[in-house]
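Peer 1:
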Amino acid sequence: MELWVVILVGILALLAGVALGFFIARKYMMTYLKKNPPINEQMLKMMMMQMGMKPSQKKINQMLKAMNGQMK
């Protein structure tokens with residue numbers, strides 16, 4: 008087999024591996040973040056209390072909805 012064919016096949020295999028790895032990692036992270044959101048209602052409430060705010064349920068729901076909207 009000629010050298011340029013071997014090099015071409017190697018480069019194509021490398022590019023295919025990088026592309027496939029990227030999409031698999033992206034899908035895995037999207038699934039992980041959907042199952043385990045980075046912040047929940049209790050965390051948000053605690054953060055607001057530490058900042059000196061008295062959080063109402065309406066305000067917490069608004070912030071959670073805004074965060075979830077950014078995730079999509």
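Under our numbering, think of the first position of the sequence shown as 8, with each following residue one higher. The beta-carbon is built from N, C-alpha and C at its ideal position, and this holds for glycine as well.
#1: Based on Cα-Cα distance, which residue from I46, T38 and G24 lies nearest to M74?
#2: Please confirm if the stretch 22-35 is in contact with the stretch 58-72, defined as three or more CB-CB distances below 8 Å between the two stretches.
#3: Just to confirm my understanding: we take L51, look at its own chain, exclude 5 residues before and 5 after, and list those with CB closer than 7 Å. What are they?
#4: If you follow the alpha helix (DSSP H) that G59 is part of, which residue opens it and which one closes it?
#5: Can you give the Cα-Cα distance for M55 and Q77, rounded to whole angstroms?
Peer 2: Looking at the atomic coordinates:
#1: I46
#2: no
#3: I67, M70 and L71
#4: Element bounds for G59: n/a, residue is neither H nor E.
#5: 20 Å
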